[in-house]
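Each protein sequence line maps, in turn, to chains A and B.
Mapping the first sequence onto numbering that gives the first Met the number 0, position 107 (from 1) lands on 106, and the numbers just tick up by one.
Mapping the second sequence onto numbering that gives the first Met the number 0, position 346 (from 1) lands on 345, and the numbers just tick up by one.
The beta carbon of each residue, even a glycine, is placed where N, CA and C say it ideally should be.
None of the values given here were measured: they were computed from a predicted structure.
Protein chains: 2
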Amino acid sequence: MEFRVVRKCRSSRARLGELTTNHGIIKTPTFMPVGTSGAVKGVSPEEVRDAGADIILANTYHLYLRPGHTLIERLGGLHRFMNWAGPILTDSGGFQTLSLSKLRTISPEGVTFRSHLDGSTHFLGPAKAMEIQESLGSDIAMTLDECAPAGSSHDYVRNSVKLTEQWARRCLEEKKASSQALFGIVQGGIYPDLREMSARGLVSLGFDGYAIGGLAIGEDRRTREDIAGLTREFLPDEKPTYLMGVGTPEDIIEAVKMGLDLFDCVLPTRNARNGMLFTNAGSLIIKNSQYAQDDSPIEYGCGCYTCSHYSRAYLRHLYLSKEMLASRLNTIHNLYYYSHLLSGIRKAIEENRLAEFNHDFYARRVDNQEQEANSYQ
Amino acid sequence: MEFRVVRKCRSSRARLGELTTNHGIIKTPTFMPVGTSGAVKGVSPEEVRDAGADIILANTYHLYLRPGHTLIERLGGLHRFMNWAGPILTDSGGFQTLSLSKLRTISPEGVTFRSHLDGSTHFLGPAKAMEIQESLGSDIAMTLDECAPAGSSHDYVRNSVKLTEQWARRCLEEKKASSQALFGIVQGGIYPDLREMSARGLVSLGFDGYAIGGLAIGEDRRTREDIAGLTREFLPDEKPTYLMGVGTPEDIIEAVKMGLDLFDCVLPTRNARNGMLFTNAGSLIIKNSQYAQDDSPIEYGCGCYTCSHYSRAYLRHLYLSKEMLASRLNTIHNLYYYSHLLSGIRKAIEENRLAEFNHDFYARRVDNQEQEANSYQ
């Protein structure tokens, strides 16, 4: 994997990059739709691509439990299994042992956890996390990390950071044989000194890229931005950086200005299924009665399939009728909105007008407060 | 609307026809996917078309209750509302007042029923049924009929047939202004004399086409075929004929041989959502463990999008993971199977080899009995 910074922004730390993977070149900053179980919920691979996405994220935890990584490997790897020809990033599964598993026990060797599907007990250590991701055949793998729960003490998080570094070292050792890229994950909770310690430790090990983990798990927005910004300062400019699990359009714009390159979040897909649509003016709740007779598209000027063919009135009808086409059409729009937002950001960086883009973005929003309150999950 | 018989089969009453509607020409015999609430469940209009369907059916009862026919009319009619450029046939809503409504009271004027959505009381008479269908703007409308419940006595059904004829006359009177085609619906339950009475009565009124209703509601297969066949004898050969709500691939082949031209059924779409796939060899239950590692498509040689890109193993995984992409990919295959079956039948009639086609069809099925037991609903 190669990463090249094509251009730097004049007004911020934002940069335009090119990430070359086994399955194609990704222009950064970019957003990765989440394809948890080997499918981006609600849409086909072609629709993900047509919405403008170049790379997707898949969850190691889910695919390990079902259908199993050895099965996927036997059938030719995840790209072939799910019919996605572009790059795939897999997480390591560490986060889901916190967010989904009923019980997890952490030891220096790894995490013992119970499946959220059937309660069966499993062990995930650095070697296993690498084995699974290698079987899946993702272009970018992530190191196994411990994401400390929100509200963890400084002592707890310090130990967690040390463990995360040990595991990262082990992942790097295991990884040798593979042509997969490997990103290290910086932890450290909301503690600046621990974020610095974690970042410096990982950078000294030397990864293909660096992710900032452990955010968007319950802290307030200001803290999230402060921690992301200061952590980014300790990461090398010549490597791609990835802010995990973030976020709203606002979050992403702010993070881009900090010099972050990659993002993933379930917001566009999950909110779509819940009838919440992203527009330049803010969020639109499609079930609201004001749209009952509204012949407009979700957003005028939007080039997505949904806005090209369907009215708000029809989308509201589908949503209220619980037709699965509702989720699909909404997801297509939201993914397009995110891709289009990121391509707009890239163009603005290229043309040295990100400050203007930023100003326009906020000026168009009629309901900043409401947006923030509604959309973060 | 014009109907032209292009060719007659030598070995049966089957015929190849061309039905010219406001939204395009339909080659018959053909199958109409069911788009109950203004969407064929699980798929987009483009996917319905790409699967080979030329015409869809929409349900007057559902669209009247939600979002309402006046709303759809205001937004330009059903074709535009749902983004379907091809022909649409609407039923009259009569059948759903039997199958879905909590309570229905029948009077000479029409049916009073309760909405299955919110319990509200509504009245559907011949004039109303025509008004709704005109608002929807379908290419083919159906007369309001009373479908007598399965097991109804001869006396009950005789009265029902008389009422159905009165309503059909009223529909014809109401219809005058419209360019919509109107089909009459023959009732008469399982009683040959009443089927004859109903057919003769409707034919003397003169409709653009004739449907056989009141079958596939619980009677056994042999009775269904006998009644459909004898009813067909009383319908004019120069008009299109439509067997409502039928059925399995076997049912359709048998009905084509009787000289029936149009079919609709929820089987391909509903079974797809339940993981039951149609193949030339019979039904395939995708969740079965035998497909866990099966890299084959649903059916080799099938030209559908699903079979071109996905393995049984992946489809099984999606189904077990409750991913909505499962329903979609399965629906695409089943609709393609039905369209392909009907286009095969048409080609066989054209080439004077329907008997051979029929023989091959049954010879390929490895589980006739199981197929019959599993697939009829």
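What's the C-alpha gap between residue i and residue j?
| i | j | result |
| --- | --- | --- |
| Q179 of chain A | G228 of chain A | 28 Å |
| G300 of chain A | S307 of chain A | 9 Å |
| K40 of chain A | V33 of chain B | 24 Å |
| R103 of chain B | A210 of chain B | 23 Å |
| R168 of chain A | Y155 of chain A | 20 Å |
| S295 of chain B | T330 of chain B | 18 Å |
| K127 of chain A | T163 of chain A | 15 Å |
| E1 of chain B | D53 of chain B | 16 Å |
| A13 of chain B | N270 of chain A | 51 Å |
| R363 of chain A | E108 of chain A | 50 Å |
| T96 of chain B | G124 of chain B | 12 Å |
| L283 of chain B | G274 of chain B | 8 Å |
| R327 of chain B | E45 of chain B | 13 Å |
| Y375 of chain A | E253 of chain A | Reliability of the predicted coordinates at Y375 of chain A is poor, the pLDDT of 42 falling under 50, and the value obtained from them is presented with this limitation in mind. Distance between the alpha carbons of Y375 of chain A and E253 of chain A: 15 Å. |
| S197 of chain B | L324 of chain A | 40 Å |
| H332 of chain B | G23 of chain B | 24 Å |
| E322 of chain A | E145 of chain A | 39 Å |
| K286 of chain B | L317 of chain B | 9 Å |
| V4 of chain A | I25 of chain A | 12 Å |
| S342 of chain A | N58 of chain A | 25 Å |
| M243 of chain A | L74 of chain A | 29 Å |
| Y290 of chain A | P66 of chain A | 41 Å |
| L88 of chain A | H78 of chain B | 41 Å |
| S310 of chain B | F277 of chain B | 15 Å |
| E195 of chain B | L259 of chain B | 16 Å |
| E350 of chain B | M31 of chain A | 53 Å |
| I71 of chain B | S36 of chain B | 12 Å |
| C264 of chain B | P28 of chain A | 48 Å |
| L214 of chain B | F94 of chain B | 11 Å |
| I251 of chain B | F112 of chain B | 32 Å |
| M141 of chain A | T19 of chain B | 59 Å |
| Y335 of chain A | Y190 of chain B | 58 Å |
| K7 of chain A | A84 of chain A | 30 Å |
| E369 of chain B | T247 of chain B | Below a pLDDT of 50, predicted positions are generally treated as unreliable, and E369 of chain B, at 49, falls in that range; no measurement from the model is reported. |
| S288 of chain B | Y313 of chain B | 12 Å |
So which residues of chain B does residue i contact, with C-beta pairs closer than 7 Å?
| i | result |
| --- | --- |
| G37 of chain A | H316 |
| R322 of chain A | It should be pointed out that residue 322 of chain A corresponds to Glu in this sequence rather than to Arg. Within 7 Å Cβ-Cβ: S36, A38, K40. |
| S114 of chain A | Within 7 Å Cβ-Cβ: nothing; S114 of chain A doesn't reach chain B, min ~13 Å. |
From which residue to which residue does the alpha helix (DSSP H) around residue i run?
| i | result |
| --- | --- |
| K346 of chain B | 323 to 349 |
| V156 of chain A | 153 to 174 |
| G228 of chain A | 220 to 232 |
| M196 of chain A | 191 to 204 |
| T268 of chain B | 266 to 272 |
| V404 of chain B | In the structure displayed, chain B extends from 0 to 376; residue 404 of chain B sits before or after that span and is not available. |
| R9 of chain B | R9 of chain B -> no alpha helix (DSSP H), and no H or E assigned at all. |
| T89 of chain B | No alpha helix (DSSP H) holds T89 of chain B; the beta strand (DSSP E) holding it covers 87 to 89. |
| I216 of chain A | That residue, I216 of chain A, is in no alpha helix (DSSP H); it is neither H nor E in DSSP. |
| I131 of chain B | 125 to 135 |
| T305 of chain B | 304 to 308 |
| M81 of chain B | 77 to 81 |
| S288 of chain B | From DSSP, S288 of chain B is part of no alpha helix (DSSP H); its letter is neither H nor E. |
| G93 of chain B | 93 to 98 |
I want to verify the contact list: residues of chain B whose CB lies under 8 Å from the CB of residue i, in sequence order.
| i | result |
| --- | --- |
| M81 of chain A | Y313 |
| Q292 of chain A | L70, R73, L74 |
What are the boundary residues of the beta strand (DSSP E) that includes residue i?
| i | result |
| --- | --- |
| M275 of chain A | 275 to 278 |
| G316 of chain A | Sequence inspection shows His at residue 316 of chain A; the Gly mentioned does not correspond to that position. Counting along the chain, H316 of chain A falls outside any beta strand (DSSP E), though it belongs to the alpha helix (DSSP H) covering 311 to 319. |
| A140 of chain A | 139 to 141 |
| R364 of chain A | Counting along the chain, R364 of chain A falls outside any beta strand (DSSP E), and DSSP gives it neither H nor E. |
At 9 Å on the CB atoms, spell out the chain A contacts of residue i, in chain order.
| i | result |
| --- | --- |
| L319 of chain B | R65, P66 |
| S137 of chain B | The contacting residues do not exist; S137 of chain B stays about 17 Å from chain A at best. |
Run down chain B in chain order and give the residues with a C-beta less than 9 Å from the C-beta of residue i.
| i | result |
| --- | --- |
| S288 of chain A | Result: empty, since nearest Cβ-Cβ is about 12 Å, beyond 9 Å. |
For a contact meaning CB atoms closer than 8 Å, what does residue i contact in chain A?
| i | result |
| --- | --- |
| S282 of chain B | Here the premise fails: no neighbours, minimum Cβ distance about 22 Å. |
Pull out every residue of the stretch 296 to 315 of chain A whose Cβ sits closer than 7 Å to any Cβ of chain B, in chain order.
-> Those would be H308, Y309, S310, A312, Y313, in chain order.
Looking at chain A, which residues of the stretch 122 to 134 of chain B have a Cβ within less than 9 Å of any of its Cβ atoms?
-> Flagged: no residues at all.
Under 7 Å (Cβ pairs) to chain B, residues found in the stretch 48 to 78 of chain A = Taking 7 Å as the cut-off between beta carbons, the residues of the stretch 48 to 78 of chain A near chain B are R65, P66, L70, R73, L74, in sequence order.
For the stretch 323 to 357 of chain A, which residues have a beta carbon sitting closer than 9 Å to at least one beta carbon of chain B?
-> Residues M323, L324, A325, S326, R327, L328.
Which residues, taken in chain order from the stretch 83 to 102 of chain A, show a beta carbon closer than 8 Å to some beta carbon of chain B?
-> Contact residues of the stretch 83 to 102 of chain A toward chain B are absent (C-beta to C-beta distance below 8 Å).
Give, in chain order, every unbroken run of the alpha helix (DSSP H) that is at least 4 residues long and sits entirely within the stretch 23 to 72 of chain A.
-> Segments of the alpha helix (DSSP H) lying fully in the stretch 23 to 72 of chain A: 44 to 49, 59 to 64.
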